[in-house]
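Okay, so the sequence shown: first residue is 1 according to my numbering, each after it adds one. We put the beta carbon where it would ideally sit given N, CA and C, even for glycine. None of the values given here were measured: they were computed from a predicted structure. A quick write-up on the structure given underneath.
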Amino acid sequence: MAKIIIDCGTTNSRLRLSAGEEGQLTDVLRIEAGIRNTAMDGNTDRLKAYLQEGIRSLVERNGLELSDVDYMAASGMITSNIGLFEVPHVTGPAGMKDLAAQAKMVRLEEFFHIPCLFIPGMKSISLEGTAESSSIDEYDVMRGEEVESIGLWNQQRPEGEGLMVLPGSHTKFVFVEADGTLKKSYTTLAGELLKAVQSETILSGSLQEELIESFAPDSFNKGFEACEKVGVTRALFHVRLLDLQGELDANERANYLAGVLFHEDWKALKLAISKLDRLDWVMVGGSSPLRELFVYLLQKLEQHWEIHELDEKSSDMAAFHGALEVIKAYEEEQI
């Protein structure tokens, strides 16, 4: 029984093939296309073409036929209003059964008419799960991170209530109940802003395209402290001034920039956790080097927290395992 799991993000997508009986990962294909292409193009044509070719390539290079794929599952921005098939958000708190209940199984021509389960994202009304607050800051949405969070929680099974920190194109703070139910999310634009500052401002001449090559704590701390003292816009300009003075190299300047923006993420997180009754654990996933930066920052500022840094494999496999859990719940619901 072959299955393909599609994780469609802002800039990239991953297709994972499971061709065994036990739901083990067989192969992974990463394609440089995501919902950003749809936003830029004004249509889904390029995203459809990349995903279709990815599905065909993944199947063929594993000696399979398209007819061998029983079904697929798709999560992330692919289910948004600018994706391939829109599925309304589930309102949190929500677990895998809630996601499965609202998921839609459809057959798309661009997916070779293979049945595909489109998994909804989750929206948060308030930390208490009510609509009483009129503050925009009580509202949040996510697509893809809910499946990733379920996958991480099921791999780790931490005790008590906790927080998942998932840095990427956006930073997602996901609050989790003791039974794995996702309580609320809280999002910042930090990852995209890092890239935008590097590519679309005067600072592009002071930063390398790959930004952070390795973690430089001293430079990171200086950027964090500068933002605290003079604010984000002035602290960002420090990056150019540091280049002109020749005090820091390109990697150190990128760390300084990260420190500035992570200060703002920390400011947002402090507000969110101030409304919690308890916090038993903190789990930091995502990819390197942003994961290491967050672990360092949280360990420095909240030394009493129980912080778990996930390894690269656990983080990378989270969306795959989470999607399989939702598929299982969906199948049980159909019986």
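Review point. In chain order, which continuous runs of the alpha helix (DSSP H) of length 4 or greater are located wholly inside the stretch 238 to 275?
Key: Counting only runs of 4 or more, we get 250 to 273.
Review point. Going by beta carbon distance, what residues of the same chain come within less than 8 Å of S214, once the five residues before and after it are set aside?
Key: As a position in the sequence shown, residue 214 is number 214, starting the count at 1. Taken in chain order, the residues that qualify are N251 and P289.
**Study point:** Pairwise C-alpha distance: M77 and L248
**Key:** Here the question's residue 248 lines up with position 248 in the sequence shown. Here the question's residue 77 lines up with position 77 in the sequence shown. Those two C-alpha atoms are separated by around 38 Å.
Practice item. List the endpoints of the continuous beta strand (DSSP E) containing F175. Key: To locate residue 175, count along the sequence shown from 1; it is residue 175. Per DSSP, F175 belongs to the beta strand (DSSP E) from T171 to V176.
Exercise for review: Could you name the residues of the same chain whose beta carbon sits closer than 8 Å to that of L127, not counting the 5 residues immediately before and after it, in chain order?
Suggested key: Against the sequence shown, residue 127 aligns to sequence position 127. Because the pLDDT at L127 is just 48, under 50, the model does not fix this residue reliably, and the value given afterwards should be weighed accordingly. Counting only Cβ-Cβ distances below 8 Å, and skipping sequence neighbours, we find E138, F175, K183, K184, A272, K275 and L276.
Point to revise | Nonlocal neighbours in the same chain, by C-beta distance under 6 Å from V197, ignoring five residues either side | key: In the sequence shown, the residue the question calls residue 197 occupies position 197. Same-chain partners within the cutoff: L203.
Practice item. List the whole-angstrom C-beta distance separating I82 from I6, where the pair is believed to meet the contact cut-off of C-beta under 8 Å. Key: Locating residue 82 in the sequence shown gives position 82, where the first residue counts as 1. Locating residue 6 in the sequence shown gives position 6, where the first residue counts as 1. Taking a contact as a CB-CB distance under 8 Å, the pair I82 and I6 does not count as one, their CB atoms being some 16 Å apart.
Review point. Mapping DSSP to helix, strand and coil, what is M317?
Key: Taking the first residue of the sequence shown as 1, we reach residue 317 at position 317. It is helical.
Exercise for review: Starting from the Cα of G285, find the closest Cα among G54, G168, E306 and R240 and give me that residue.
Suggested key: Position 285 of the sequence shown, counted from the start, is the residue given in the question as residue 285. Of the candidates G54, G168, E306 and R240, G168 places its Cα closest to the Cα of G285.
Review point. In this structure, does DSSP put A131 in helix, strand or coil?
Key: Position 131 of the sequence shown, counted from the first residue, corresponds to residue 131. Reliability of the predicted coordinates at A131 is poor, the pLDDT of 49 falling under 50, and the value obtained from them is presented with this limitation in mind. If DSSP states are grouped into helix, strand and coil, A131 belongs with coil.
Review point. Whole-angstrom Cβ separation of A386 and V326, contact assumed at under 8 Å?
Key: The chain is shown from 1 up to 335; residue 386 falls before or after that span and cannot be answered.
Check your understanding: Can you name, in chain order, every residue of its own chain whose Cβ lies under 6 Å from the Cβ of H113, other than the five neighbours on each side?
Key -> For the purposes of this step, residue 113 is taken as residue 113 along the sequence shown, with counting starting at 1. Result list for H113: R107, in chain order.
Check your understanding: Could you give the C-beta distance for L301 and G162, rounded to a whole number, given that I count them as a contact under 8 Å?
Key -> Numbered from 1 along the sequence shown, position 301 holds the residue referred to as residue 301. Numbered from 1 along the sequence shown, position 162 holds the residue referred to as residue 162. Contact doesn't hold; Cβ gap of about 17 Å is too wide.
Check your understanding: First and last residue of the beta strand (DSSP E) that includes G76?
Key -> Counting from 1 along the sequence shown, the entry for residue 76 is found at position 76. Membership of G76 in the beta strand (DSSP E) is indicated by the continuous run V69 to G76.
Check your understanding: Taking the C-alpha atoms as reference points, what is the distance between A131 and R143?
Key -> Translated into the one-based positions of the sequence shown, residue 131 becomes position 131. Translated into the one-based positions of the sequence shown, residue 143 becomes position 143. Note that A131 scores 49 on pLDDT, short of 50, meaning its location in the model is unreliable; the coordinates nonetheless yield the value given after this. Answer to the nearest angstrom: the Cα atoms are 20 Å apart.
Check your understanding: How is E209 classed by DSSP in three states: helix, strand or coil?
Key -> Here residue 209 refers to the residue found at position 209 when the sequence shown is read from its first residue. Secondary structure of E209 (DSSP, three-state): coil.
Exercise for review: Could you tell me the distance, in whole angstroms, from the CA atom of C8 to the CA atom of S75?
Suggested key: The count along the sequence shown starts at 1 and reaches residue 8 at position 8. The count along the sequence shown starts at 1 and reaches residue 75 at position 75. Distance from the CA atom of C8 to the CA atom of S75, rounded to whole angstroms, is 6 Å.
Practice item. Check the C-beta distance from L193 over to A258 and give it rounded, since I have them as a contact under 8 Å. Key: On the sequence shown, position 193 is the one that residue 193 refers to. On the sequence shown, position 258 is the one that residue 258 refers to. Actually they are not in contact, since the Cβ atoms of L193 and A258 sit about 10 Å apart, beyond 8 Å.
Practice item. Buried or exposed for T10, please, with buried defined as at least 16 other CB atoms from any protein chain shown within 10 angstroms of its CB. Key: In the sequence shown, residue 10 corresponds to position 10, counting from 1. By the Cβ neighbour-count rule, T10 is buried, with 16 or more other Cβ atoms within 10 Å of its own.
Review point. Around the Cβ of T38, are there at least 16 other Cβ atoms within 10 angstroms (buried) or fewer (exposed)?
Key: Locating residue 38 in the sequence shown gives position 38, counting from the first residue. Flag for T38 reads buried.
Check your understanding: Can the beta-carbon of A190 be found less than 9 Å from the beta-carbon of E309?
Key -> Taking the sequence shown and counting its residues from 1, one reaches residue 190 at position 190. Taking the sequence shown and counting its residues from 1, one reaches residue 309 at position 309. No, the pair does not count as a contact, with Cβ atoms beyond the cut-off.
**Study point:** K3, buried or exposed, once every other Cβ within 10 Å from all chains shown has been counted against 16
**Key:** Taking the first residue of the sequence shown as position 1, residue 3 is located at position 3. Classification for K3: buried.
Review point. Is the beta carbon of L66 less than 9 Å from the beta carbon of I55?
Key: Position 66 of the sequence shown, counting from 1, holds the residue named residue 66. Position 55 of the sequence shown, counting from 1, holds the residue named residue 55. Closer than 9 Å, so yes.
Point to revise | Proximity winner among A329, M317, K328 and Q334, relative to L15 (alpha-carbon distances) | key: Taking the sequence shown and counting its residues from 1, the one referred to as residue 15 is at position 15. Closest option to L15, Cα to Cα, is M317.
Exercise for review: Could you give the DSSP three-state label for S18: helix, strand or coil?
Suggested key: Against the sequence shown, residue 18 aligns to sequence position 18. Residue state, collapsed to three classes: strand.
**Study point:** Distance CB(G95)-CB(H321) smaller than 9 Å
**Key:** Counting from one through the sequence shown, the residue named residue 95 turns up at place 95. Counting from one through the sequence shown, the residue named residue 321 turns up at place 321. No. Outside cutoff.
Check your understanding: Taking just the CA atoms, how far does D27 sit from A158?
Key -> Counting from one through the sequence shown, the residue named residue 158 turns up at place 158. Counting from one through the sequence shown, the residue named residue 27 turns up at place 27. Before going further, note that residue 158 is Pro rather than Ala in the sequence given. As the crow flies, the alpha-carbon of P158 is around 28 Å from that of D27.
Point to revise | Start and end residues, alpha helix (DSSP H) containing E109 | key: Mapped onto the sequence shown, residue 109 falls at position 109. Careful: E109 lies outside any alpha helix (DSSP H) and carries neither H nor E.
Practice item. Starting from M283, trace the alpha helix (DSSP H) both ways and give me its first and last residue. Key: In the sequence shown, residue 283 corresponds to position 283, counting from 1. It is not in any alpha helix (DSSP H) - M283 instead sits in the beta strand (DSSP E) that spans W281 to V284.
**Study point:** Inter-residue CB distance, G205 and V260 (contact presumed, cutoff 8 Å)
**Key:** Within the sequence shown, residue 205 is the residue found at index 205, counting from 1. Within the sequence shown, residue 260 is the residue found at index 260, counting from 1. Separation of the CB atoms of G205 and V260 is rounded to 17 Å, and the pair is thereby denied contact status at 8 Å.
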